[in-house]
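Just so you know, the protein sequences line up as chains A and B, in that order. Counting from 38, one number per residue, gives the positions in the first sequence under my numbering. Counting from 38, one number per residue, gives the positions in the second sequence under my numbering. Yeah, the Cβ is synthetic: ideal placement off N, Cα and C, and Gly gets one too. Since the structure is predicted, the reported quantities are computational estimates derived from the model, not experimental observations. Accompanying notes for the structure given below.
Protein chains: 2
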Amino acid sequence: MMGPMARKPVAREAVLDAFESLLIEEGERAATLDAVARLAGVSKGGLLYHFPNKEAMISVLLERLDGLLREDLGRMAAAPEGAAAYFIKSSVWADTPMDRVFVAATRLAEVAHVETLQRIAAAQAGWLELLAADVGPGMAKAVLYMGDGLYFNAMLARGPGGPLPEVEGDVDSLLAAVERLRG
Amino acid sequence: MMGPMARKPVAREAVLDAFESLLIEEGERAATLDAVARLAGVSKGGLLYHFPNKEAMISVLLERLDGLLREDLGRMAAAPEGAAAYFIKSSVWADTPMDRVFVAATRLAEVAHVETLQRIAAAQAGWLELLAADVGPGMAKAVLYMGDGLYFNAMLARGPGGPLPEVEGDVDSLLAAVERLRG
DNA sequence: TTAACTGTACCGTCCAGACGGTACAGTTAA
DNA sequence: TTAACTGTACCGTCTGGACGGTACAGTTAA
Numbered sequence: 038m039m040g041p042m043a044r045k046p047v048a049r050e051a052v053l054d055a056f057e058s059l060l061i062e063e064g065e066r067a068a069t070l071d072a073v074a075r076l077a078g079v080s081k082g083g084l085l086y087h088f089p090n091k092e093a094m095i096s097v098l099l100e101r102l103d104g105l106l107r108e109d110l111g112r113m114a115a116a117p118e119g120a121a122a123y124f125i126k127s128s129v130w131a132d133t134p135m136d137r138v139f140v141a142a143t144r145l146a147e148v149a150h151v152e153t154l155q156r157i158a159a160a161q162a163g164w165l166e167l168l169a170a171d172v173g174p175g176m177a178k179a180v181l182y183m184g185d186g187l188y189f190n191a192m193l194a195r196g197p198g199g200p201l202p203e204v205e206g207d208v209d210s211l212l213a214a215v216e217r218l219r220g
Numbered sequence: 038m039m040g041p042m043a044r045k046p047v048a049r050e051a052v053l054d055a056f057e058s059l060l061i062e063e064g065e066r067a068a069t070l071d072a073v074a075r076l077a078g079v080s081k082g083g084l085l086y087h088f089p090n091k092e093a094m095i096s097v098l099l100e101r102l103d104g105l106l107r108e109d110l111g112r113m114a115a116a117p118e119g120a121a122a123y124f125i126k127s128s129v130w131a132d133t134p135m136d137r138v139f140v141a142a143t144r145l146a147e148v149a150h151v152e153t154l155q156r157i158a159a160a161q162a163g164w165l166e167l168l169a170a171d172v173g174p175g176m177a178k179a180v181l182y183m184g185d186g187l188y189f190n191a192m193l194a195r196g197p198g199g200p201l202p203e204v205e206g207d208v209d210s211l212l213a214a215v216e217r218l219r220g
């Protein structure tokens, strides 16, 4: 069974959450070890007790991404409104755990972190497959890129800590476009 | 009149080109003053003679972007195949001066550089206007996001110095999608 | 008793920017 | 015509701060 755990490692999750938040709200450059520890309410020594180096912290964050991604693909495949409509709707920032890790990962991808780049490419492939099953292989890329465009634009538009842009109307018009592509 | 013009400022353009290249191929983090100076074949002191600080270097790069953006909007408005088709085709990386500054600017936007964020938002607005005139206001956003998705995916996919991904087929399918949206 | 911490001191490296100098083209005045 | 001078275009070095990471001695709670 499990070894003798003297105390629960509360700092571990707190550090990971803080790292995620900093990536999302301030960008990769701001997500230094000191800043992460401070936001997590943990000493730097405590942080490095759990994650021997920054790379290790990133790895665990990517594992979190993998899990939530898998769940999301499951929901997308089972969505009653169809995979395409689900995908478009889920391409708008909603502050869900899934959105949070994904945006955090995007920040790492932006600075060309190789492992992150690969995970995101894999996610894209997964989405594309389900879209092809829904709207046909010919139009799948169009829908994928629409959603991606929406996503990336929202990320760029808000910048660090800025307000969320208005995208409700955008989603409706994209949904209409998807219907036209399907026809 | 003018004072004595000793020599041509050859370093200035070289520095700007080097800055652009580093942003594109290695990302913002790698585009340090030392790296830029080295790639430009100029001393750090020489670099700082022309650009008093990094911000100034960015400003001049953004001016370069503005000029090329204006030209591109002109070509898009006059494109015989229509603004939408022109936009999709031009959303694929072609290593033109325009593509180069734009990607460089995107790298800065990724690290939340405010002025760059604003310029890119303005560019998006310009494109959207021409797209609305071509395919109608209802479908303009769909086309815009398709192009953006294509663009951002290509950027993410190739990472730093990596090879260009294959997108010829993507462009064709997006072009077909645009026709369906127009109908 | 032991895992899970805190806190501080420290190291090597990297970075933006400051600074003092150098080379030289053109201008001016004796 | 030429020596003295001016402004431009650089070069090379240094500094102060931040960052990733190490080391380790002490504290707390199950």
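**Request:** Note down, in chain order, each residue of its chain lying with its Cβ closer than 7 Å to the Cβ of Phe-56 (chain B), except the 5 sequence neighbours on either side.
**Result:** Ala-68, Val-73, Met-94, Leu-98
**Message:** Output needed in chain order: residues of the region 43 to 67 of chain A with a Cβ under 8 Å from some Cβ in chain B.
**Reply:** Hits within the stretch, in order: Glu-63, Gly-64, Glu-65, Arg-66.
**Request:** Compare the Cα-Cα distances from Glu-166 (chain B) to each of B:Gly-111, B:Met-192, B:Thr-143, B:Arg-137 and report the closest residue.
**Result:** With distances taken between CA atoms, Glu-166 (chain B) lies nearest to B:Gly-111 out of B:Gly-111, B:Met-192, B:Thr-143, B:Arg-137.
**Asked** Between the region 176 to 185 of chain A and the region 171 to 186 of chain B, are three or more C-beta pairs nearer than 8 Å?
**Response** Result yes; three or more Cβ-Cβ pairs closer than 8 Å.
**Item:** Glu-216 (chain A) versus Val-204 (chain B) - alpha carbon distance
**Value:** Between Glu-216 (chain A) and Val-204 (chain B), the C-alpha separation is close to 24 Å.
**Message:** Please list, in chain order, the residues of the region 115 to 142 of chain B that have any C-beta partner in chain A closer than 8 Å.
**Reply:** none
**Asked** Are the C-beta of Ala-170 (chain A) and some C-beta of chain B separated by less than 8 Å?
**Response** no
**Asked** With respect to the alpha helix (DSSP H) encompassing Ala-72 (chain A), which residues constitute its N-terminal and C-terminal limits?
**Response** Bounds of the alpha helix (DSSP H) holding Ala-72 (chain A) are 70 to 77.
**Message:** Can you list, in chain order, the residues of its chain with a C-beta nearer than 7 Å to that of Gly-173 (chain B)? Leave out the 5 residues immediately preceding and following it.
**Reply:** none
**Request:** Answer yes or no: do Met-192 (chain B) and Val-140 (chain B) have a C-beta to C-beta separation smaller than 8 Å?
**Result:** In this structure, Val-140 (chain B) lies closer than 8 Å to Met-192 (chain B) by Cβ.
**Request:** Report the three-state DSSP secondary structure of Lys-178 (chain B) (helix, strand or coil).
**Result:** helix
**Request:** Pick helix, strand or coil for Ala-214 (chain A), following the three-state DSSP scheme.
**Result:** helix
**Item:** Endpoints, alpha helix (DSSP H) assigned at His-87 (chain A)
**Value:** 81 to 87
**Asked** Secondary structure at Val-208 (chain B), three-state DSSP: helix, strand or coil?
**Response** helix
**Message:** DSSP three-state label for Gly-40 (chain B), please.
**Reply:** At Gly-40 (chain B) the pLDDT is 43, less than 50, meaning the model places this residue with poor confidence; the figure from the coordinates comes in the next sentence. The answer is coil: DSSP assigns Gly-40 (chain B) none of H, G, I, E or B.
**Request:** May I have the straight-line CA-CA distance separating Gly-40 (chain A) from Ala-142 (chain B), to the nearest angstrom?
**Result:** Bear in mind that the predicted position of Gly-40 (chain A) carries a pLDDT of just 41, short of 50, making it too unreliable to give a figure here.
**Request:** Find out if the Cβ-Cβ distance for the pair Lys-91 (chain B), Leu-76 (chain B) is shorter than 8 Å.
**Result:** no
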